[in-house]
Amino acid sequence: MEHPAFTLSGLCLVGGIMGYVRKGSLPSMLGGVGVGLVYGAAGYLLKENMDYGIHLALGASSVLLAAGSARAAATRFRKPVPLLLFGIGGLSTVYYCIKYNQFYGSGL
Numbered sequence: 291m292e293h294p295a296f297t298l299s300g301l302c303l304v305g306g307i308m309g310y311v312r313k314g315s316l317p318s319m320l321g322g323v324g325v326g327l328v329y330g331a332a333g334y335l336l337k338e339n340m341d342y343g344i345h346l347a348l349g350a351s352s353v354l355l356a357a358g359s360a361r362a363a364a365t366r367f368r369k370p371v372p373l374l375l376f377g378i379g380g381l382s383t384v385y386y387c388i389k390y391n392q393f394y395g396s397g398l
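In our numbering, the protein residues as written are 291 to 398.
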């Protein structure tokens, strides 16, 4: 369960840095690095079987989904980067919701 968190951590870190390098977007860098670090922390907690790892991963996925939704809607769902954020955020949110329900057995 920690593998997707580490993968998403790397993708967010690289994506945020690329946004800054290519477009000079400080919000992209801060957002990408911030969400990437949260995913990294979630992956570590999940790997070590510690508390709140799934919660952090679900929270980071929700933030990614919200950011992707806002950016995709602003571009009328026509630009690839916002669509990618929206898609990855949506898939990871669904994945971690399923894992949360499997682990805690409650409806989320």
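Positions of the beta carbon are idealized from the N, C-alpha and C atoms, including for glycine. Just so we're clear, the structure is a prediction, and the values are computed from it rather than from any experiment.
Give the secondary structure of residue i by DSSP, where H, G and I count as helix, E and B as strand, and everything else as coil.
| i | result |
| --- | --- |
| ARG368 | coil |
| TYR342 | coil |
| GLY305 | helix |
Do you know how far the Cα of residue j is from the Cα of residue i?
| i | j | result |
| --- | --- | --- |
| LYS369 | GLU292 | 30 Å |
| ILE344 | VAL311 | 31 Å |
| ALA357 | MET308 | 17 Å |
| GLY287 | VAL384 | The question about residue 287 has no answer here: the residues shown for the chain are numbered 291 through 398. |
| ALA260 | SER382 | Residue 260 is absent from the structure shown; the chain starts at 291 and stops at 398. |
| MET319 | THR365 | 20 Å |
| ALA295 | TYR390 | 14 Å |
| LEU336 | TYR394 | 14 Å |
| ASP341 | ALA331 | 11 Å |
If you compare alpha carbons, which of the options is closest to residue i?
| i | options | result |
| --- | --- | --- |
| ALA347 | TYR386, VAL371 and TYR394 | TYR386 |
| GLY377 | VAL353, ALA331 and ASN339 | VAL353 |
Shorter than 8 Å from the beta carbon of residue i to some beta carbon of chain B?
| i | result |
| --- | --- |
| VAL304 | The chain labelled as chain B is not found in the depicted structure, where only one protein chain is given. |
Contact between the segment 321-332 and the segment 297-305 is defined here as three or more beta-carbon pairs at a separation below 8 Å; is this criterion met? yes
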